[in-house]
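**Q** This is the structure I have questions about; it appears just below.
Below, the structure written as structure tokens:
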């Protein structure tokens, strides 16, 4: 009887020792595997990490939109139905905005990373070659570069949530949706919200004519008025096209030479300012959008 008990104890001890050895072996493998799999992080890895930006919801909470961006890739916009699970994506989309009724989402389309890099290289090359230009040629070249630089580099996307179809527009600097209206969209083909004027423009404050002191020479403490160089005329840059689009019918009208624009809350009125090479066309206007679509101000 004692021998049987002893044998059982020895067998139990052997089993426990075997289990302990097996666990120790597995633990040692588990401790070594992560260390062997670890790799040092590099900037290449960081460039592939994506971040969520510009998160927005429709008013009823049914649709969610956000941009997935990363330093090393072009990114995309994601539009997801939180109830049905339906999902749409569009490349390079950023800054989404839903219409008040949740039927459309409008967003900016960014440049590709390749286009951005080409532009950076071109700007560096242009800066390095600028010193060798003659005076007249330099002005013309700079003017051409300025026009190219002042063109919008981004585009516009209009997505219909019913089917995910996206309408795209190239070279759009900004867009605006009325807070309460779901019918209208305005988008701007310029690069800023205000126009630029070179030296005050024609007839500007700095373009003074001969006054009471025109025939005498300025003293040491008196500042000479700014005068354009001989053969040059002061100019101002005109505004850019503002496009007003009916989202339901897809009809559009173009308002030329706009520098600023803004909807009222209901979307019934669109206010805008213009700056033209013809000073008679400069002004501030308000267009009634409750009337049939036509060129504002007409």
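In the working numbering, the protein residues as written are 813 to 1110.
Cβ coordinates follow ideal geometry from the N, Cα and C atoms, glycine included.
(1) Can you round the beta-carbon distance between residue 967 and residue 978 to whole angstroms, since I take them to be within the 8 Å contact cut?
(2) Return the chain-ordered list of same chain residues with a C-beta closer than 7 Å to the C-beta of residue 1078, the five sequence neighbours on each side being excluded.
(3) Go to residue 972, then tell me how far its beta strand (DSSP E) extends in each direction, as first and last residue.
(4) Three-state secondary structure (DSSP) at residue 1067?
(5) Between the C-alpha atoms of residue 932 and residue 925, what's the straight-line distance to the nearest angstrom?
(6) Answer with buried or exposed for residue 1064, where buried requires no fewer than 16 other C-beta atoms within 10 angstroms of its C-beta.
(7) Using DSSP with H/G/I as helix, E/B as strand and the rest coil, what is residue 927?
(8) Let me make sure I understand the geometry here. Which of 1092, 1098 and 889 has the alpha-carbon closest to that of residue 1081?
(9) Based on DSSP bridge pairs, tell me the residues matched to residue 1121.
(10) For residue 884 and residue 866, what's the separation of their Cα atoms in angstroms?
(11) Between the beta-carbon of residue 974 and the beta-carbon of residue 987, is there less than 8 Å?
(12) Can you find a C-beta in chain D that's less than 8 Å from the C-beta of residue 864?
(13) Could you have a look at residue 984 and say whether DSSP puts it in helix, strand or coil?
(14) Does any heavy atom of the ligand PLP sit closer than 7 Å to the C-beta of residue 877?
(15) Let me make sure I understand the geometry here. Which of 1003, 1062, 1075 and 921 has the alpha-carbon closest to that of residue 887?
(16) Could you tell me the alpha carbon to alpha carbon distance between residue 897 and residue 1048, rounded to whole angstroms?
(17) Please name the residue, chosen from 1061, 1067, 890 and 1088, that lies closest to residue 1053 on a Cα-to-Cα basis.
(18) Closer than 6 Å by C-beta to residue 856: which residues in its own chain qualify, once you throw out the five before and the five after it? Chain order, please.
(19) Please state if the CB of residue 880 and the CB of residue 862 are separated by a distance shorter than 8 Å.
(20) Considering only the beta carbon of each residue, do residue 969 and residue 919 sit closer than 8 Å?
(21) Looking at C-alpha atoms only, which residue of 1084, 934, 909 and 905 is the closest neighbour of residue 923?
(22) So residue 1082 is in the beta strand (DSSP E); what residue range does that whole segment cover?
(23) What does the alpha-carbon distance come out to for the pair residue 872 and residue 914?
(24) Taking residue 882 as the reference, which of 894, 892 and 864 has the closest Cα?
(25) Residues in its own chain within less than 7 Å of residue 1094 by CB, not counting five upstream and five downstream?
**A** Let me spell this out:
(1) Not a contact, Cβ separation roughly 11 Å.
(2) Cβ neighbours of residue 1078 beyond the five flanking positions: 990, 992 and 993.
(3) 967 to 972
(4) strand
(5) Answer to the nearest angstrom: the Cα atoms are 11 Å apart.
(6) exposed
(7) Assigned with DSSP and collapsed to three states, residue 927 falls in helix.
(8) 1098
(9) Residue 1121 falls outside the range modelled here, since the chain spans only 813 to 1110, and no answer is possible.
(10) 19 Å
(11) For the pair residue 974 and residue 987, the CB atoms are not nearer than the 8 Å cut-off.
(12) In summary, chain D is missing from the structure at hand, where a single protein chain is found.
(13) coil
(14) Although the ligand PLP was asked about, the structure shown includes no ligands whatsoever.
(15) 921
(16) 52 Å
(17) 1067
(18) none
(19) yes
(20) yes
(21) 905
(22) 1081 to 1086
(23) 8 Å
(24) 864
(25) 1086, 1087 and 1088
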